[in-house]
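Taken in order, the sequence shown gives residues 85 to 391; the numbers are from this note's numbering. We put the beta carbon where it would ideally sit given N, CA and C, even for glycine. These figures come from a predicted structure and were not determined experimentally. Right, one structure below, let's go through it.
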Amino acid sequence: MTNSLNETPMTANGLPLVGFGTYLIADESAAAAVATAIGAGYRHIDTAAGYHNEAGVGQGIRDGLAATGLDRADLFVTTKLWPGNPAWGDTPKGYDETIAAFEASRAALGLDHVDLYLIHAPSGGAERLNEWRALVDLKAQGKARAIGVSNYTEAHLEEIRAAGLPMPEYNQIELHPWSQKPELLAFMAENDIAPIAYSSLVPLSTWRAEPGQASGKTAEMKADGTDTHSPFKAMAMKYGVSEAQVLLRWGVQKGFAVLPESLNPQRVQQNIDLFGFALDDDDMALIETMDRGDGVAWATGDPRFMG
């Protein structure tokens with residue numbers, strides 16, 4: 085299963101179905117990782133101010149484009165506003181601070197525009213709508229081609245509608261077989277808000293297994309990930325792929341853009357090679373029964389409930 089460098093399938097609104105996530109990649113490692121990903125065929129690169137690696141990601145974009153002969157227009161680049169969180173003693177950003185934060189991200193990346201700018205979490209409290217107003221203006225100025233949110237609930241999205249503001253184009257949320265969020269996804273579909281999935285690989289025993297990589301994953305979840313008879317191991321054997329490919333294929337088959345991250349070049353390539361097989365109806369139906377509720381990627385709890 086190989087993927088032509090220019091033929092990564094897209095979502096209905098033109099977002100590459102498989103992007104390269106950069107959370108937990110240190111700034112000094114980001115350039116090589118992103119350049120490798122671009123060489124492997126990734127056309128969506130996802131970062132955030134909160135990842136503290138935008139400079140390295142920007143260098144990786146330049147290196148990757150130079151090595152492949154691609155143009156900037158061939159890439160879709162996402163970054164995110166950290167909105168602040170009063171619960172952490174972190175003052176929420178207002179309109180002007182949001183504009184300044186965007187300009188800092190753009191400068192760090194070395195880009196004249198980003199393709200998608202997201203509010204990273206709904207923790208801005210009373211400033212949430214001012215943050216969104218700033219994003220609407222950044223799009224109107226052409227500095228962000230598309231705008232959206234991350235970790236927003238139906239209530240947060242309704243808040244935007246009630247204010248008479250344009251609705252987000254995207255909501256990036258934790259999505260995998262153990263956190264499927266069907267009600268939120270249905271609401272988003274009704275309002276033309278496209279999902280982008282992060283932490284697709286939560287069920288794997290290797291996910292966040294390194295020291296210091298905290299999460300809210302329970303002991304039961306960790307044990308299930310190591311079970312030699314787990315359904316994902318059985319599916320991997322059935323289709324002749326890795327467990328990670330099974331989990332990512334589930335996402336793209338559901339129509340989600342996914343954001344796998346790895347520093348291992350072989351896994352980087354495997355994680356984009358998702359289009360030479362498909363999970364059959366029985367396996368998709370089985371996965372539908374595995375939902376365990378809220379996300380576990382944040383050690384502080386599901387960030388949908390931060391504000």
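- In the DSSP annotation of this structure, the continuous segment of the beta strand (DSSP E) that includes THR163 starts and ends at 160-165.
- One alpha carbon belongs to PHE271, the other to LEU200, and they sit about 21 Å apart.
- In the structure shown, ASN348 adopts coil according to DSSP, grouped into three states.
- Here the C-alpha atom of LEU222 lies approximately 13 Å from the C-alpha atom of ILE203.
- A contact between stretches requires three or more CB pairs, one per stretch, nearer than 8 Å, and the stretch 141-159 meets this requirement with the stretch 177-195.
- If one requires a minimum length of 3 residues, the beta strand (DSSP E) runs lying completely within the stretch 163-214 are 198-203, in chain order.
- The criterion of a C-beta distance shorter than 8 Å is satisfied by ALA281 and GLY335.
- For the pair ILE356 and ALA115, the CB atoms are not nearer than the 8 Å cut-off.
- At a Cβ-Cβ threshold of 8 Å, ARG127 and THR92 count as neighbours.
- Burial of ARG190 is indicated by the presence of at least 16 other C-beta atoms within 10 angstroms of its C-beta.
- Ranked by how close their Cα comes to the Cα of LEU108, the residues THR131, HIS240, SER207, VAL220 have THR131 in first place.
- Contact annotation: the stretch 326-342 touches the stretch 362-371, with at least three C-beta pairs closer than 8 Å.
- Straight across, the Cα-Cα distance linking LYS301 with ALA157 is about 38 Å.
- Exposed is the label assigned to MET321, since fewer than 16 other Cβ atoms lie within 10 Å of its Cβ.
- For the pair TRP216 and LYS265, the Cα-to-Cα distance works out to about 23 Å.
- With contacts defined by Cβ atoms closer than 8 Å, THR182 and ALA133 do not form a contacting pair.
- Annotation for GLY377: SER263 place their beta carbon closer than 7 Å to its own, counting only its chain and skipping 5 residues before and after.
- In the structure shown, the three-state DSSP call for SER284 is coil.
- Taking 8 Å as the cut-off, the Cβ atoms of ALA341 and LEU154 do not count as close.
- Spanning the alpha carbons of GLY140 and GLY105 requires a straight line of approximately 13 Å.
- The beta carbon of VAL325 sits closer than 7 Å to the beta carbons of PHE361 from its chain, once the five residues preceding and following it are set aside; these are given in chain order.
- Annotated three-state conformation of GLY142 is helix, per DSSP.
- By the Cβ-count criterion, THR120 is buried, with 16 or more other Cβ atoms from all chains shown falling within 10 Å of its own Cβ.
- Under the three-state reduction of DSSP output, VAL342 falls in the strand class.
- In chain order, GLY103, PHE104, THR106, VAL118, ALA121, ILE122, VAL141, GLY144, ILE145, LEU159, PHE160, VAL161, THR162 place their CB closer than 8 Å to the CB of ILE129, counting only its own chain and leaving out the 5 sequence neighbours on each side.
- Here PHE389 carries a helix assignment [DSSP, helix/strand/coil].
- At the C-beta level, SER207 and ASN169 come within 8 Å of one another.
- For GLU258, the enclosing beta strand (DSSP E) starts and ends at 254-258.
- In the structure shown, GLY105 falls within a strand segment according to DSSP collapsed to helix, strand and coil.
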